[in-house]
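Colleague: In the numbering used here, the protein residues as written are 163 to 418. Here a beta-carbon is modelled for each residue, glycine too, at the ideal position from N, C-alpha and C. Because the structure is a prediction, the values reported are computed rather than measured.
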């Protein structure tokens, strides 16, 4: 019986011209799987960097000017796209690691936890070198659907009729006024006499700022509070309270 079975196997091998695969094919496949897992980890880490950047610059100190409640503000500004991207690439990383030569030895939770931990650690590193901000700004500046739907922060700050306006300083007119181009390209005359300015902000040409105030004409805006558009790493949040140490008269510096 065993001899007949062996003969059948040999006949099947000869009939189908079967041959063992060379070792290099298995090594190549394993290397490609590891490469895919590494790419998934890196992309997931970049998603973490963008999430940290968006949370850090989520306008927490002025959320009442954007939404009536904190919960509503969080739901409105939560970076859904990047969180879904992170989950997707963590899943892809798990799938690829599971299909490596020794991946079957590890439990589901071990691979998932390891992938998430590595994504967080690398994401913090990428955030600290500015990768999260760079990715967000490139996409916001070049992909309309991103800035309108996936990260609508620029759109939210382009509502002068609601008293919020943001953009880039173009020209310093004098000690109380400057010209600003908002994120739609429209130019505004900004009146800033007596405005409360973030202690870390130096208003100069090419500086991106966000303001709370009042539109007084079609292209004139009176600023009451002026803050940097992007809060740099480790920079404290600007708390809007009428304390002497955070209130100061508007001061302008021009870059020649």
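Can you list, in chain order, the residues of its chain with a C-beta nearer than 6 Å to that of residue 385? Leave out the 5 residues immediately preceding and following it.
Modeller: 352, 354, 357, 373 and 375
Colleague: The alpha helix (DSSP H) spanning residue 272 covers which residue range?
Modeller: In this chain, the alpha helix (DSSP H) harbouring residue 272 covers 270 to 290.
Colleague: Where does the unbroken alpha helix (DSSP H) through residue 342 begin, and where does it stop?
Modeller: Unbroken run through residue 342 is the beta strand (DSSP E), 339 to 344; no alpha helix (DSSP H).
Colleague: Given that a residue counts as buried once 16 or more other Cβ atoms are within 10 Å of its Cβ, and exposed if not, what is residue 365?
Modeller: buried
Colleague: Is it a yes or a no for the region 221 to 236 touching the region 254 to 262, going by three-plus beta-carbon pairs under 8 Å?
Modeller: Contact between the region 221 to 236 and the region 254 to 262 is absent, because fewer than three Cβ pairs lie under 8 Å.
Colleague: Just to confirm, is the Cβ distance from residue 312 to residue 327 under 9 Å?
Modeller: no
Colleague: Hey, quick one: how far does the beta strand (DSSP E) through residue 221 stretch, first residue to last?
Modeller: Unbroken run through residue 221: none, as it is neither H nor E.
Colleague: Rounded to whole angstroms, what is the Cα-Cα separation between residue 403 and residue 271?
Modeller: Residue placement at residue 403 is flagged as unreliable, the pLDDT there being 39, under the threshold of 50; the coordinate-derived value follows with that caveat. Between residue 403 and residue 271, the C-alpha separation is close to 46 Å.
Colleague: For residue 338, which residues from the same chain have a beta carbon less than 7 Å from its beta carbon, with the 5 sequence-adjacent residues on both sides left out?
Modeller: The residues are 353, 354, 355 and 412.
Colleague: Should residue 207 and residue 273 be called a contact, given that it needs their Cβ atoms to be closer than 9 Å?
Modeller: no
Colleague: Following the continuous beta strand (DSSP E) through residue 377, name the residue where it begins and the one where it ends.
Modeller: Following the DSSP letters along the chain, one finds residue 377 inside the beta strand (DSSP E) bounded by residues 370 to 379.
Colleague: Quick one: complete beta strand (DSSP E) runs, 3+ long, within the region 302 to 364?
Modeller: 326 to 334, 339 to 344 and 349 to 353
Colleague: Decide if residue 275 is buried, meaning its Cβ has at least 16 other Cβ atoms within 10 Å, or exposed.
Modeller: With fewer than 16 other CB atoms across the displayed protein chains lying within 10 angstroms of its CB, residue 275 is exposed.
Colleague: Buried or exposed: residue 387, going by 16 or more other Cβ atoms within 10 Å of its Cβ?
Modeller: When all chains shown are included, residue 387 counts as buried.
Colleague: Opposite residue 385 in the DSSP bridges: which residues?
Modeller: 375
Colleague: Pull the bridge partners of residue 390 from the DSSP assignment, please.
Modeller: Residue 390 is bridged to 371.
Colleague: Is it buried or exposed, residue 248, if we count other Cβ atoms within 10 angstroms and call 16 or more buried?
Modeller: buried
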